Amino acid sequence: MQIIFFSTNSNMINEWIDRHTIHSNVSCYDLISLDKELNSYESYVLICDYDSISHDLNTLISENKLPKNCIVLEKSPTIVTGKQLISKGIKAYGNSRMLTHHYLQMLQTVIDKNTWTYPELTSALIKSANKINLDDDAKELIKNRLTNKESEVTYLILEGLSNNAIAQKLNITTRTVKAHITSLFNKLHVNDRVSLVLLLK
Numbered sequence: 716m717q718i719i720f721f722s723t724n725s726n727m728i729n730e731w732i733d734r735h736t737i738h739s740n741v742s743c744y745d746l747i748s749l750d751k752e753l754n755s756y757e758s759y760v761l762i763c764d765y766d767s768i769s770h771d772l773n774t775l776i777s778e779n780k781l782p783k784n785c786i787v788l789e790k791s792p793t794i795v796t797g798k799q800l801i802s803k804g805i806k807a808y809g810n811s812r813m814l815t816h817h818y819l820q821m822l823q824t825v826i827d828k829n830t831w832t833y834p835e836l837t838s839a840l841i842k843s844a845n846k847i848n849l850d851d852d853a854k855e856l857i858k859n860r861l862t863n864k865e866s867e868v869t870y871l872i873l874e875g876l877s878n879n880a881i882a883q884k885l886n887i888t889t890r891t892v893k894a895h896i897t898s899l900f901n902k903l904h905v906n907d908r909v910s911l912v913l914l915l916k
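Residue numbers for the sequence shown follow our numbering, beginning at 716 and rising by one.
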């Protein structure tokens, strides 16, 4: 899996390489070089420095040309920006100076075709789904694909409840909750709670 860095700030790229001991990588500094590199690799993860290339990234989003497996890092990440970017198809959003174990976890999550966010953003995404009334299509999808118990668990996830809280509310074990979540994720073709929220909200 090729790592492609996208930033006009070479110091930031060097910091990422040094901090996380990244050996195989390519750096892009503008949309032309990015396009060339994206076409050179079938399998890649794109890591964008939002502080220096936000305009270019927003252009790609608005033109519906967002590359797959796109991670956005920012020196001062905000929940508002994170919610907007995740809703547009970004696969991960976080602090550009995160610790290496968080970086590796984020990278593996994206490689596994899941969405990664830091805990506060994940919580905000789930809570915001609770404020949005589900439309008829989302309700129909839940009704047609899920069992009654899986539907209950889905709505409790959308309320922002943890697995333990769901277990207490439904008077079942946490292990049973996890089994229901695995099943409903499979039936709705999502990989994680963030993807579930994006599907249904």
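Here a beta-carbon is modelled for each residue, glycine too, at the ideal position from N, C-alpha and C. Treat the numbers as computed from the prediction; the structure is a model and nothing was measured.
Under 8 Å between C-beta atoms of residue i and residue j
{"i": "MET716", "j": "TYR759", "result": "yes"}
{"i": "LEU873", "j": "VAL905", "result": "no"}
{"i": "ILE768", "j": "THR723", "result": "yes"}
{"i": "ASN810", "j": "PRO834", "result": "no"}
{"i": "ILE794", "j": "VAL825", "result": "no"}
Span of the alpha helix (DSSP H) around residue i
{"i": "ASN879", "result": "878-885"}
{"i": "GLU855", "result": "851-860"}
{"i": "GLU867", "result": "863-873"}
{"i": "VAL909", "result": "908-915"}
Three-state secondary structure (DSSP) of residue i
{"i": "THR897", "result": "helix"}
{"i": "SER742", "result": "strand"}
{"i": "ILE732", "result": "helix"}
{"i": "ILE718", "result": "strand"}
{"i": "GLU752", "result": "helix"}
{"i": "ILE747", "result": "helix"}
{"i": "VAL905", "result": "coil"}
{"i": "ASN848", "result": "coil"}
{"i": "THR888", "result": "coil"}
{"i": "ASN726", "result": "helix"}
Sequence-distant residues of the same chain with beta carbon closer than 6 Å to residue i, five excluded per side
{"i": "ASN829", "result": "ASN906 and ASP907"}
{"i": "SER866", "result": "ILE857"}
If you scan the region 756-842 from start to end, which runs of the alpha helix (DSSP H) of 4 or more residues do you find wholly inside it? As far as the region 756-842 is concerned, its whole alpha helix (DSSP H) runs of at least 4 residues are 765-777, 794-802 and 815-826.
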